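Trainee: Heads up: the sequence shown at position 580 corresponds to 580 in UniProt numbering, and the numbers run straight through without jumps.
Each residue gets a CB set at the ideal place from its N, CA and C atoms; glycine is no exception.
For clarity, every value in this text was computed on a predicted model and none was experimentally measured.
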Amino acid sequence: MGAPLSTWPWKNLGIFKYLLYGPFMAKVLSERFYEEDSNIKFSWCLHLLILFGLRGFLHVLWNSYSNMLFLTRNRRILPQGVDFKQIDKEWDWDNFLILQALIASIAYYMFPFLQNLPLWNVKGLIVALILHVGISEPLYYWVHRKFHGDYLFTYYHSLHHSSPVPQSLTVGNATVLEHLIMTVIIGIPILGSSLMGFGSGSLIYGYMLGFDFLRCLGYCNVEIVPHQLFETFPFMRYLLYTPTYHSLHHTDKDTNFCLFMPLFDALGNTLNSKSWKLHKTLSSGNASSRVPDFVFLAHIVDVTSCMHVQFCLRSVASLPFRTRFFLIPFWPIALISLLAMWIWSKTFLVSFYYLRGRLHQTWAVPRFGFQYFLPFAAAGINKHIEQAIIRADKIGVKVISLAALNKNEALNGGGKLFVDKHPNLRVRVVHGNTLTAAVILDEIPKDVEEVFLTGATSKLGRAIALYLCQKKIRVLMLTLSTDRFQRIQKEAPQEYQSYLVQVTKYQAAQNCKTWIVGKWITPREQNWAPRGTHFHQFVVPPIFSFRRDCTYGDLAAMRLPEDVEGLGCCEYTMERGVVHACHAGGVVHSLEGWTHHEVGAIDVNKIDVVWKAALKHGLRPVSSGSNVNKN
Numbered sequence: 001m002g003a004p005l006s007t008w009p010w011k012n013l014g015i016f017k018y019l020l021y022g023p024f025m026a027k028v029l030s031e032r033f034y035e036e037d038s039n040i041k042f043s044w045c046l047h048l049l050i051l052f053g054l055r056g057f058l059h060v061l062w063n064s065y066s067n068m069l070f071l072t073r074n075r076r077i078l079p080q081g082v083d084f085k086q087i088d089k090e091w092d093w094d095n096f097l098i099l100q101a102l103i104a105s106i107a108y109y110m111f112p113f114l115q116n117l118p119l120w121n122v123k124g125l126i127v128a129l130i131l132h133v134g135i136s137e138p139l140y141y142w143v144h145r146k147f148h149g150d151y152l153f154t155y156y157h158s159l160h161h162s163s164p165v166p167q168s169l170t171v172g173n174a175t176v177l178e179h180l181i182m183t184v185i186i187g188i189p190i191l192g193s194s195l196m197g198f199g200s201g202s203l204i205y206g207y208m209l210g211f212d213f214l215r216c217l218g219y220c221n222v223e224i225v226p227h228q229l230f231e232t233f234p235f236m237r238y239l240l241y242t243p244t245y246h247s248l249h250h251t252d253k254d255t256n257f258c259l260f261m262p263l264f265d266a267l268g269n270t271l272n273s274k275s276w277k278l279h280k281t282l283s284s285g286n287a288s289s290r291v292p293d294f295v296f297l298a299h300i301v302d303v304t305s306c307m308h309v310q311f312c313l314r315s316v317a318s319l320p321f322r323t324r325f326f327l328i329p330f331w332p333i334a335l336i337s338l339l340a341m342w343i344w345s346k347t348f349l350v351s352f353y354y355l356r357g358r359l360h361q362t363w364a365v366p367r368f369g370f371q372y373f374l375p376f377a378a379a380g381i382n383k384h385i386e387q388a389i390i391r392a393d394k395i396g397v398k399v400i401s402l403a404a405l406n407k408n409e410a411l412n413g414g415g416k417l418f419v420d421k422h423p424n425l426r427v428r429v430v431h432g433n434t435l436t437a438a439v440i441l442d443e444i445p446k447d448v449e450e451v452f453l454t455g456a457t458s459k460l461g462r463a464i465a466l467y468l469c470q471k472k473i474r475v476l477m478l479t480l481s482t483d484r485f486q487r488i489q490k491e492a493p494q495e496y497q498s499y500l501v502q503v504t505k506y507q508a509a510q511n512c513k514t515w516i517v518g519k520w521i522t523p524r525e526q527n528w529a530p531r532g533t534h535f536h537q538f539v540v541p542p543i544f545s546f547r548r549d550c551t552y553g554d555l556a557a558m559r560l561p562e563d564v565e566g567l568g569c570c571e572y573t574m575e576r577g578v579v580h581a582c583h584a585g586g587v588v589h590s591l592e593g594w595t596h597h598e599v600g601a602i603d604v605n606k607i608d609v610v611w612k613a614a615l616k617h618g619l620r621p622v623s624s625g626s627n628v629n630k631n
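(1) By Cβ distance, which residues of its chain are closer than 7 Å to residue 604, with the 5 residues on each side in sequence left out?
(2) Which class does residue 31 belong to by DSSP, given the choice of helix, strand or coil?
(3) List the endpoints of the continuous alpha helix (DSSP H) containing residue 182.
(4) So, is residue 19 buried or exposed, given that buried needs 16 or more other C-beta atoms within 10 angstroms?
(5) Hey, would you say residue 6 sits closer than 8 Å to residue 155, going by beta carbons?
(6) Tell me whether residue 136 is buried or exposed, calling it buried when 16 or more other Cβ atoms sit within 10 Å of its Cβ.
(7) Name the one or two DSSP bridge partners that residue 551 has.
(8) Please determine if the region 300-311 and the region 321-341 are in contact, where contact requires at least 3 C-beta pairs separated by less than 8 Å.
(9) Keeping to the same chain, check which residues put their C-beta closer than 6 Å to that of residue 230; ignore five residues upstream and five downstream.
(10) Compare the Cα-Cα distances from residue 573 to each of 415, 321, 519 and 481 and report the closest residue.
(11) Provide the residue span of the alpha helix (DSSP H) that contains residue 637, from first to last.
(12) Quick one: using the 10 Å Cβ neighbour count with 16 as the cut-off for buried, is residue 291 buried or exposed?
(13) Measuring only the C-alpha atoms, how far is residue 489 from residue 596?
(14) Please classify residue 567: does DSSP put it in a helix, a strand, or coil?
(15) Please confirm if the region 91-101 is in contact with the region 574-586, defined as three or more CB-CB distances below 8 Å between the two stretches.
(16) Quick check: residue 638 and residue 103, are their CB atoms within less than 8 Å of each other?
(17) Residue range of the beta strand (DSSP E) that residue 498 falls in?
(18) Helix, strand or coil for residue 119? Go by DSSP, reduced to three states.
(19) What is the rounded straight-line gap between the Cα of residue 588 and the Cα of residue 244?
(20) Since residue 270 and residue 255 should fall inside the 8 Å C-beta cutoff, what is the C-beta to C-beta distance between them, to a whole number of angstroms?
(21) DSSP state of residue 557, grouped into three classes?
(22) Are residue 452 and residue 509 touching if we call contact CB-CB under 8 Å?
(23) Judging by CA-CA distance, which residue of 173, 227, 193 and 234 is the nearest neighbour of residue 215?
(24) Can you tell me whether residue 158 is buried or exposed, with buried defined as 16 or more other CB within 10 angstroms of its CB?
(25) Determine the extent of the alpha helix (DSSP H) in which residue 168 is found, giving its start and end residues.
(26) How far does the alpha helix (DSSP H) with residue 156 in it reach, from first residue to last?
(27) Between which two residues does the alpha helix (DSSP H) carrying residue 84 extend?
(28) Is the CB-CB distance between residue 351 and residue 220 below 8 Å?
(29) Would residue 385 and residue 371 qualify as a contact pair, given that the criterion is a beta-carbon distance under 8 Å?
(30) Kindly say whether residue 406, judged by its beta-carbon, lies nearer than 8 Å to any beta-carbon of chain D.
(31) Give the single residue among 242, 263, 411 and 113 whose Cα lies nearest to the Cα of residue 197.
(32) Taking the CB atoms as reference points, tell me whether residue 422 and residue 599 lie closer together than 8 Å.
(33) If you follow the beta strand (DSSP E) that residue 363 is in, where does it begin and where does it stop?
(34) I need the straight-line Cα distance from residue 330 to residue 438, nearest angstrom please.
(35) Less than 8 Å between the CB atoms is what I'm expecting for residue 526 and residue 555, so what's the real figure, rounded?
(36) Which of helix, strand or coil does DSSP assign to residue 621?
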């Protein structure tokens, strides 16, 4: 059993905790529709809902800004990313808002002087400021130091310090006792001003939102306070803390205890000596911005999926993508933001993680998925991809891997266009399809004698067919182009060419129970497969799981090693820690230090080499049909 007031009473309610706001809403509706004299009481309940909604939104906005890596990467204080463990630990960060809303409703009925507040009173703002500086600031400083004692820190405050990377949502990651004390600290200026007759509605809104704004500022992990402010007005460094100042408290727990004013740390002799020097370095944008070893160049699928990033809602981004109805109202905002990025930015940084001490970043090209299939858009898309490759080459990136449509054969020949155009590139361009082919081939049982292959003349289809025929597996290649089939057949050694068979109709596979789907097939076409067929696939989007008497494989993907650090978002529909096989192929290329480009046609002879290298570095396939012991 934990210490008293160390856990939240609604801990096990999950999303149903928001029903605790129900009485507020019920009161608003009741006074609106059933009471004739719906005056100030109606306003109080309504304003509580509005105020705490605004407070929550303020924290989310700060968190979004902190994770806009394309804006903040040069001013980040702690360079590591927020991982899934921290996200889960801070999942219920808004518990304190529910607690304070409940306390505020009780205070309204306990203190009659709160029931007839005017809209505005300038004197109240002045009194509140005096009470904040004279009581709230020193009280917080004293209590905060007490919480760093052995008992209180172990049973209460250690939870807050367990978040390695402070963010605005980390503010709420604390115990009930801590937030009860914080409620008192916030309430002193408001209640004190109101008790003296200087309270007002604007004071409540202004003070609480200003309080939250400053707390989020300190936790944002991005230095935005200009050092010139302190150089011009030296006394200001004791009146306003900075994100750097607060971050030092999380790395050196015996310093920088203040709420917002370093003055009390100076008086208490707990001011960290590095505070001003480090602040100047970070606010100047001169912090060492590490060059990534590996870049994965992704692209946007549609407007809905573009919201699946950490700078929108990190909780949503930490789960596999699916359409969520509560995000639909934000669709117009997402579209406008996406168009702005499209115009303003060439590529933007969306996430990063560390693997074996190497920095891996994901950049995104601001292009919709459907644009890749418009002939007149090809030149513009290739220009953006080329600029990303040149930028990566210029800053010293070692490997850049192209995602899905960015390496489309019809678009740029699987990246070959850029390598041919820029023969002196130091960065290695990788399409990663060699590992994709290996993952698909690994799923095929060893005792299979015949497979049916759609998309047979594609880049992946060709490699799969050539590999399987050399294992003496008969490959029924569905294609209407005899010329393409014959070109692929001639690539196989003479003794294996007979294992490649051209078919032109799905009926040819009605007795084959192993289908490898590289081209989208309809439910009607799936009906030609016999009962018990397993559909392996490398088609995007995946085919519908129409047949109940058949099984369906996953898209080619691999799970990253256990020692990956700072990974806090899912790659599209993939599970946590899982990436598409082409992404994993670029990772392996980087970890192995290979110096060749992987573009154009897949080298069949390298499929086993890449596969063994992936397993050596701890990557594992995720498909239920995988055979990890493949030779």
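Mentor: So, from the data block:
(1) For the purposes of this step, residue 604 is identified with residue 604 of the sequence shown, where counting begins at 1. Contacts found: 463, 466 and 467.
(2) One-based indexing of the sequence shown puts residue 31 at position 31. Helix at residue 31.
(3) One-based indexing of the sequence shown puts residue 182 at position 182. Residue 182 -> alpha helix (DSSP H) spans 176-195.
(4) The sequence position of residue 19 within the sequence shown is 19, counting from 1. Residue 19 should be labelled exposed.
(5) By 1-based counting over the sequence shown, the position of residue 6 is 6. By 1-based counting over the sequence shown, the position of residue 155 is 155. In contact: residue 6 and residue 155 (Cβ atoms closer than 8 Å).
(6) Here residue 136 refers to the residue found at position 136 when the sequence shown is read from its first residue. By the neighbour-count rule (16 or more Cβ atoms within 10 Å), residue 136 is buried.
(7) Indexing the sequence shown from 1 puts residue 551 at position 551. In DSSP, residue 551 forms a bridge with 534.
(8) yes
(9) For this step, residue 230 is matched to residue 230 along the sequence shown. Taken in chain order, the residues that qualify are 236 and 237.
(10) Stepping through the sequence shown from its first residue, residue 573 is reached at position 573. Among 415, 321, 519 and 481, the Cα nearest to that of residue 573 belongs to 321.
(11) The shown model of the chain, from 1 to 631, leaves out residue 637, and the question about it has no answer.
(12) As a position in the sequence shown, residue 291 is number 291, starting the count at 1. So residue 291 ends up on the exposed side.
(13) Taking the first residue of the sequence shown as 1, we reach residue 489 at position 489. Taking the first residue of the sequence shown as 1, we reach residue 596 at position 596. So the two alpha carbons sit approximately 27 Å from each other.
(14) The count along the sequence shown starts at 1 and reaches residue 567 at position 567. Residue state, collapsed to three classes: coil.
(15) no
(16) As shown, the chain starts at 1 and ends at 631. That puts residue 638 outside it, with no answer to give.
(17) Position 498 of the sequence shown, counted from the first residue, corresponds to residue 498. Note, residue 498: premise wrong, no beta strand (DSSP E); not H, not E.
(18) In the sequence shown, counting from the first residue as 1, residue 119 sits at position 119. Three-state result, residue 119: coil.
(19) Residue 588 sits at position 588 when you count from the first residue of the sequence shown. Residue 244 sits at position 244 when you count from the first residue of the sequence shown. Taking the straight line from one Cα to the other gives about 36 Å.
(20) The residue labelled residue 270 in the question sits at position 270 within the sequence shown. The residue labelled residue 255 in the question sits at position 255 within the sequence shown. Yes, they are in contact, since the Cβ atoms of residue 270 and residue 255 sit about 5 Å apart, within 8 Å.
(21) To locate residue 557, count along the sequence shown from 1; it is residue 557. Three-state result, residue 557: strand.
(22) Numbered from 1 along the sequence shown, position 452 holds the residue referred to as residue 452. Numbered from 1 along the sequence shown, position 509 holds the residue referred to as residue 509. Yes, they are a contact pair.
(23) Residue numbering aside, residue 215 sits at position 215 when the sequence shown is read from its first letter. Looking at the Cα atoms, 173 is the closest of the given residues.
(24) Counting from one through the sequence shown, the residue named residue 158 turns up at place 158. The residue in question, residue 158, is exposed, as its Cβ has fewer than 16 Cβ neighbours within 10 Å.
(25) Position 168 of the sequence shown, counted from the start, is the residue given in the question as residue 168. That residue, residue 168, is in no alpha helix (DSSP H); it is neither H nor E in DSSP.
(26) In the sequence shown, counting from the first residue as 1, residue 156 sits at position 156. Looking at the DSSP string, residue 156 is not in any alpha helix (DSSP H), and its letter there is neither H nor E.
(27) Here residue 84 refers to the residue found at position 84 of the sequence shown. Taken as a continuous stretch (DSSP letters only), the alpha helix (DSSP H) holding residue 84 covers 84-89.
(28) Position 351 of the sequence shown, counted from the start, is the residue given in the question as residue 351. Position 220 of the sequence shown, counted from the start, is the residue given in the question as residue 220. For residue 351 and residue 220, no; Cβs fall outside 8 Å.
(29) As a working note, residue 385 is residue 385 in the sequence shown. As a working note, residue 371 is residue 371 in the sequence shown. No. Outside cutoff.
(30) Checking the listed chains, one finds no chain D in this structure; it contains a single protein chain.
(31) Taking the sequence shown and counting its residues from 1, the one referred to as residue 197 is at position 197. Among 242, 263, 411 and 113, the Cα nearest to that of residue 197 belongs to 113.
(32) Stepping through the sequence shown from its first residue, residue 422 is reached at position 422. Stepping through the sequence shown from its first residue, residue 599 is reached at position 599. Not closer than 8 Å, so no.
(33) For this step, residue 363 is matched to residue 363 along the sequence shown. From DSSP, the beta strand (DSSP E) with residue 363 extends over 358-365.
(34) Taking the sequence shown and counting its residues from 1, the one referred to as residue 330 is at position 330. Taking the sequence shown and counting its residues from 1, the one referred to as residue 438 is at position 438. C-alpha separation (whole angstroms): 40 Å.
(35) Counted from its first residue, the sequence shown places residue 526 at position 526. Counted from its first residue, the sequence shown places residue 555 at position 555. Incorrect: roughly 17 Å between the Cβ atoms, too far for contact.
(36) Residue numbering aside, residue 621 sits at position 621 when the sequence shown is read from its first letter. Strand at residue 621.
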